[in-house]
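Working notes for the structure below.
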Amino acid sequence: SFNHVSDSGRTADRDGFNYFAVCNDDANTYIGTKEPNFFMGPTLYNSDPKNRNLVNRLGEVCRDEEPCHFLHSDMLHEAPVCIGIVHDPEVETTYGNVYWAFDSTGNRNTG
């Protein structure tokens, strides 16, 4: 099991607790149907099946025979060109799960 692979450095105290994050690298054009609004960014999901966070295309509870979609737990908006993300396995942090993301829309002078 995941938490028993001690030689890899993974232990129960470093578990992501069912959370995972993605970078979308997407200006949010609604699949090319609208002008970009840049309201996307790194997105955090909770995959714990007890949270009932899977929905169908109508936003209703997903049934087994339907395509399902995760509801996101959190998003860093206005960071749409997120081209890389990594989980920080730090075990003691005020913020819980920490992810570092790289968004290429800014620069060191203007942010």
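So the mapping is simple: our numbering equals the position in the sequence shown, first residue as 1, plus 41. Just so it is clear, CB atoms sit at the ideal spot from N, CA and C, and this is done for glycine as well.
Residues bridged to residue i [DSSP beta-bridge criterion]
| i | result |
| --- | --- |
| H113 | Y86 |
| A68 | None; A68 has no bridge partner. |
| A142 | I126 |
Sub-9 Å separation of residue i and residue j beta-carbons
| i | j | result |
| --- | --- | --- |
| L117 | P90 | no |
| D67 | P108 | no |
| N92 | H110 | no |
| F143 | E119 | no |
| L85 | D115 | yes |
Backbone CA spacing between residue i and residue j [nearest angstrom]
| i | j | result |
| --- | --- | --- |
| S88 | E106 | 19 Å |
| T134 | W141 | 14 Å |
| T70 | E76 | 6 Å |
| S145 | C103 | 35 Å |
| G125 | E101 | 31 Å |
| N44 | F58 | Any reading at N44 must be qualified, since the residue scores a pLDDT of 35, below 50, and its modelled position is unreliable; no value is offered. |
| F61 | N78 | 25 Å |
| C64 | L99 | 24 Å |
| G137 | V127 | 15 Å |
| D129 | L112 | 23 Å |
Residue range of the unbroken beta strand (DSSP E) whose run includes residue i
| i | result |
| --- | --- |
| L129 | This sequence places Asp at residue 129; Leu is not what is there. Where D129 is concerned, the enclosing beta strand (DSSP E) stretches over 123–129. |
| V102 | First-last for V102: undefined, no H or E at that position. |
| A62 | 60–63 |
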